[in-house]
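Final position of the sequence shown in the numbering used here is 670; the numbers increase by one with none missing. In this text, a Cβ means the ideal position worked out from N, Cα and C, and glycines have one as well.
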Amino acid sequence: MKIKSIETFSTKEVGLVRVTTDDSAQGWGQVSTYHADISSTVLHRQVAPHALGKDISDLNQLGDLLDFIYEKEHKFPGSYMCRALGGLDTAIWDLHGKVQQKSVCELLGGTPRPFRVYASSMKRDITPQQEAERFLRLREKHGYDAFKFRVGAECGRNQDEWPGRTEEIIPTIREALGDEVDLLVDANSCFLPDRAIEVGKLLEDNNICHFEEPCPYWELDMTRQVTQALSLDITGGEQDNNLSLWKQMIDSQVTDVFQPDICYLGGIERTLRVVKMAQDAGRLITPHAANMSLVTIFTLHLMGAIKNAGPYVEFAIEEEDYYPWQYGIYSDFPVAKDGKVQIPEDPGWGVEISDEWLGNANHQVSQK
303 MKIKSIETFS TKEVGLVRVT TDDSAQGWGQ VSTYHADISS TVLHRQVAPH ALGKDISDLN
363 QLGDLLDFIY EKEHKFPGSY MCRALGGLDT AIWDLHGKVQ QKSVCELLGG TPRPFRVYAS
423 SMKRDITPQQ EAERFLRLRE KHGYDAFKFR VGAECGRNQD EWPGRTEEII PTIREALGDE
483 VDLLVDANSC FLPDRAIEVG KLLEDNNICH FEEPCPYWEL DMTRQVTQAL SLDITGGEQD
543 NNLSLWKQMI DSQVTDVFQP DICYLGGIER TLRVVKMAQD AGRLITPHAA NMSLVTIFTL
603 HLMGAIKNAG PYVEFAIEEE DYYPWQYGIY SDFPVAKDGK VQIPEDPGWG VEISDEWLGN
663 ANHQVSQK
């Protein structure tokens, strides 16, 4: 079962990958979202030449193939290489699931089932009262019992989205939703340690359980200071793709909970290595999955199988105006019911790619 061709179907935001073998088996994956057209070009230029013709009949050897490619391109160890590798990796997992007539969750040793999700808001251009009202509507419609909202400004250097918003939105959301729901916040690298700790104390006073990326994510010592100063869970890791850095982060307890993004990191195989590091350290994994492209499907399958899965999967809520490109990519778009989403049960990823979406994307092919 050797790789015969690697195809990409790309827009600026989304890039799907189809791998076909010499015995006509096929699987679908995805390079990371955001500038996906560039990641697709990297895949054809720097990944496909090393992958074409390789035997992928043994899924246990996928890690060796990814390492081989990564080392062949050792002068380019950055984000785009990993975003491209993830397209190959996730397509191969889907292919094996279809060949073996198992879901990827089952290939990983798990069981497809309804999995709890938290409703994740991307918005900062919304007043605290509007956010609270929206969460109440979504709870009524989908039964969510966990929500995440935004504090500070993205990479804001201690500045709020507008003055006083952080101090207002935290108690507003808690008061509106009551004590029966879990509340999470994301600062998107906004604060320096002193301000992050100040905000963290307010979060603790309002029984918020999760404080994500409080400091610039690349400043590990800053984040560690916040972790050591607060009792609620400090979380992070979505941006990181270097496995050596991941080991350093986990060994030095930079955060309490770790949040790899499967597509940023380079696929399921590389994410499993981070999962194992965290498991050995007694830490939970709650991956980043901030849009409804295939990354959410990948994450559901993974979380249904790993032993150190956190209590929920991130689930982007209905925000057509924020990510209009995330719709219409595949069939059976997941819908939350009673605060849970079903992990797909059909072979592979368990979804069908939309022919209409493919027809509107830019097609490229590398073949043996």
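Determine the contact status of residue i and residue j, defining contact as a CB-CB distance below 9 Å.
i    : j    : result
E315 : Y336 : yes
I499 : L547 : no
A421 : I475 : no
V487 : V528 : no
E616 : T588 : yes
I599 : P636 : yes
L485 : A448 : yes
R575 : V556 : no
K670 : G411 : no
H398 : G650 : yes
C517 : D535 : no
G458 : N490 : yes
D481 : N460 : no
R522 : Q541 : According to the sequence provided, residue 522 is Leu. The question's Arg does not apply to it. Result no, Cβ atoms of L522 and Q541 do not sit closer than 9 Å.
G380 : N543 : yes
Q561 : E514 : yes
Taking the alpha helix (DSSP H) that residue i falls in, what are its first and last residues?
i    : result
G399 : 381-402
L486 : Note, L486: premise wrong, no alpha helix (DSSP H); beta strand (DSSP E) at 484-488.
P495 : 495-507
S341 : 338-344
D523 : 522-531
A618 : Where A618 is concerned, there is no enclosing alpha helix (DSSP H), although the beta strand (DSSP E) it sits in stretches over 615-618.
T573 : 570-582
T474 : 467-479
K374 : 364-374
E408 : 406-409
C565 : 564-567
Grab me the residues of residue i's own chain with a C-beta within less than 7 Å of its C-beta, minus the 5 sequence neighbours each way, in chain order.
i    : result
E571 : L364, G365, L368, D391
F451 : S423, E433, I471, I475, V487
F417 : L602, M605, G606, V615, K642, V643, I645
T468 : V453, G454, D462, V501
S342 : T310, S312, G317, V333, Q666
S359 : M303
F493 : G454, N460, V501, P516, C517
Quick one, which of the options has its alpha-carbon nearest residue i's?
i    : options                : result
V406 : V667, V653, L660, Q669 : V653
D357 : M383, A350, A393, K304 : K304
Q431 : K404, L479, V419       : L479
M383 : L567, A611, H590       : L567
S334 : F417, S656, A591, I645 : A591
G389 : W651, Y632, C565       : C565
G661 : G630, V501, D648, D640 : G630
A338 : V483, P351, L318       : L318
Q348 : D360, K377, R320, N362 : K377
A618 : A353, K404, K425       : K425
G584 : E514, V597, S554       : S554
E506 : P473, P351, H665       : P473
I371 : H346, D360, S359       : H346
A350 : L361, D360, K374       : K374
H352 : P414, Y446, K306, T429 : K306
L273 : D496, L361, D640, C492 : Given that the chain is displayed from residue 303 to residue 670, the structure contains no residue 273 and the question cannot be resolved.
Q530 : L545, I394, P495       : P495
E290 : I552, G539, R436       : Residue numbering for the chain in the displayed model covers 303 to 670; residue 290 lies beyond these limits and cannot be assessed.
V321 : N362, I340, A393, L361 : A393
Can you name the start and end residues of the beta strand (DSSP E) that residue i belongs to?
i    : result
K450 : 448-452
S595 : Counting along the chain, S595 falls outside any beta strand (DSSP E), and DSSP gives it neither H nor E.
S422 : 416-422
R275 : This structure gives no information on residue 275, because the portion of the chain shown stretches from 303 to 670.
E514 : 512-514
Q328 : 328-333
K306 : 305-312
V321 : 317-323
Spatial neighbours of residue i within its chain, please: C-beta separation below 6 Å, excluding the five flanking residues on both sides.
i    : result
A663 : F311, S312, T313
V344 : Y382, A386
H444 : A638
Q628 : N593, M594, S595
L586 : V559, N610, G612
W659 : G630, I631
Spatial neighbours of residue i within its chain, please: C-beta separation below 8 Å, excluding the five flanking residues on both sides.
i    : result
D427 : E463
S656 : G630, I631, Y632, S633
A327 : M303, L397, K400, V401
T323 : M303, K304, I305, K306, I358, L397
V597 : Q332, S334, T335, D563, I564, C565, A591
Shorter than 9 Å from the beta carbon of residue i to some beta carbon of chain B?
i    : result
P516 : Among the chains of the structure shown, chain B does not appear; only one protein chain is present.
Notebook entry, point to check: Along the chain, which unbroken stretches of the beta strand (DSSP E) at least 3 residues long are found entirely within the segment 625-668?
Noted result: 642-644
Next item on the list: Could you pull out every unbroken alpha helix (DSSP H) segment of at least 4 residues lying fully inside the segment 534-559, listed in chain order?
Entry: Listed in chain order, the complete alpha helix (DSSP H) runs (minimum 4 residues) inside the segment 534-559 are 545-553.
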